[in-house]
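A.B. asks: Residue numbers (the working numbering): 3 to 291.
For every residue, glycine included, the Cβ atom is placed at its ideal position computed from N, Cα and C.
Values in this document were obtained by computation on a predicted structure and should not be read as measured data.
#1: Where does residue 230 fall in DSSP's three states?
#2: Just the Cα atoms here: how many angstroms apart are residue 28 and residue 265?
#3: Short check: CB of residue 121 to CB of residue 83, under 7 angstroms?
#4: Quick one: grab the DSSP three-state call for residue 194.
#5: When you compare the CB positions of residue 150 and residue 162, do they come within less than 7 angstroms of one another, or not?
#6: Taking its Cβ as the centre, do 16 or more other Cβ atoms sit within 10 Å of residue 230, making it buried, or is it exposed?
#7: Is it true that the CB of residue 205 sits closer than 7 angstroms to the CB of residue 178?
#8: Could you name the residues of the same chain whose beta carbon sits closer than 7 angstroms to that of residue 40, not counting the 5 residues immediately before and after it, in chain order?
#9: Within this structure, are the beta carbons of residue 139 and residue 173 separated by less than 7 angstroms?
#10: What are the boundary residues of the alpha helix (DSSP H) that includes residue 41?
#11: If we count the other Cβ atoms within 10 Å of its Cβ and call it buried at 16 or more, is residue 239 buried or exposed?
#12: Residue 185 and residue 123 - do their beta-carbons sit closer together than 7 angstroms?
#13: Determine the direct distance from the alpha carbon of residue 190 to that of residue 146, and round the result to whole angstroms.
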C-alpha cells in the first residue's frame with residue numbers, strides 16, 4: 003500500500019470537516035492526559051504535605067498511593083476506551099461504508115450500552131495480554147541487570163549476553179503485539195457481532211504483515227505531533243489515514259476470500275482471516291453470482 007496515496011486521500015476526506023473530526027480524535031488523548039496529570043498532582047500533594055517520602059513512590063507498597071493508582075486506572079479505562087471506540091465509529095462513517103454511514107451524533111454513539119461494554123472489555127483484554135507479553139522482557143532484563151552489576155566469570159558473561167538478546171527480542175515481540183492491538187477499535191466497529199476477545203485475537207492475524215503501514219504513517223505525522231500546536235492536526239490526519247487503511251485491508255481479505263470461494267483454490271495470503279459473519283456474506287454473494 004502506498005502511504006503517499008493514503009495520505010492524499012485522507013486529506014481530501016477531511017476537507018470541510020477537519021474541525022469536527024479533530025475534536026473527536028483529540029478527546030481520547032485529552033482524557034488520558036487529564037487523568038495522568040490528575041494522578042501526578044495527587045502524588046505531588048502527598049509529597050508536599052509529607053505523607054510519604056519520595057522514594058516510596060517507586061516502591062508501590064504505600065496503601066494511599068495504590069488507592070490513587072487504582073482509581074486513576076479505572077477512570078482512564080471507563081473514559082478513554084469508549085471515547086476511542088466512538089472516534090473510530092465516526093471515522094468509519096467518513097472512510098467506510100454500510101451501517102457506519104448512519105452513525106448518528108457522537109454523544110449518542112458514546113452513551114450506547116454496547117459501546118461501553120465492548121470498548122471497556124476490549125481495553126481490559128488488550129491491557130492484560132500486553133502485560134503478560136511484557137513479563138518475559140522484564141524477567142530477562144532484571145536477570146541481565148543483576149548479573150552485570152556483579153562480578154562475572156567468562157561463562158556468566160555469555161549468559162548475560164544471551165539474556166540481553168532475549169530481552170531485546172521479547173521487547174520487539176511486545177511492541178509488535180501492541181501495534182496489532184491498534185486495530186482493535188476499528189475492527190469492533192467494522193464487525194459489530196465480534197466479541198471484544200475475538201476482536202483482539204482477530205487483530206493479531208489481521209495485522210500480520212501490515213503493521214508497517216501504521217509505522218510509515220506515524221513516521222510521516224510524528225514530527226508534526228511533537229509540537230503542541232501541531233498535535234491535534236497530526237493526530238487527526240494519522241487516525242483518518244489509519245481508518246482508511248483498515249477499510250482497504252478488510253476489502254483485500256474479502257476479495258481474496260471471494261476469489262477462493264469462486265475458484266476453489268487453496269487459501270491465498272491473508273485469506274481465512276475474516277470473521278465468520280463476513281465470510282458467510284462473501285460466500286453467499288459468490289454463490290449467487
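C.D. replies: To lay it out plainly:
#1: Residue 230 falls in the coil class under three-state DSSP.
#2: 45 angstroms
#3: yes
#4: coil
#5: yes
#6: exposed
#7: no
#8: 74
#9: yes
#10: 20-50
#11: buried
#12: no
#13: In this structure, the straight-line span from the alpha carbon of residue 146 to that of residue 190 is close to 40 angstroms.
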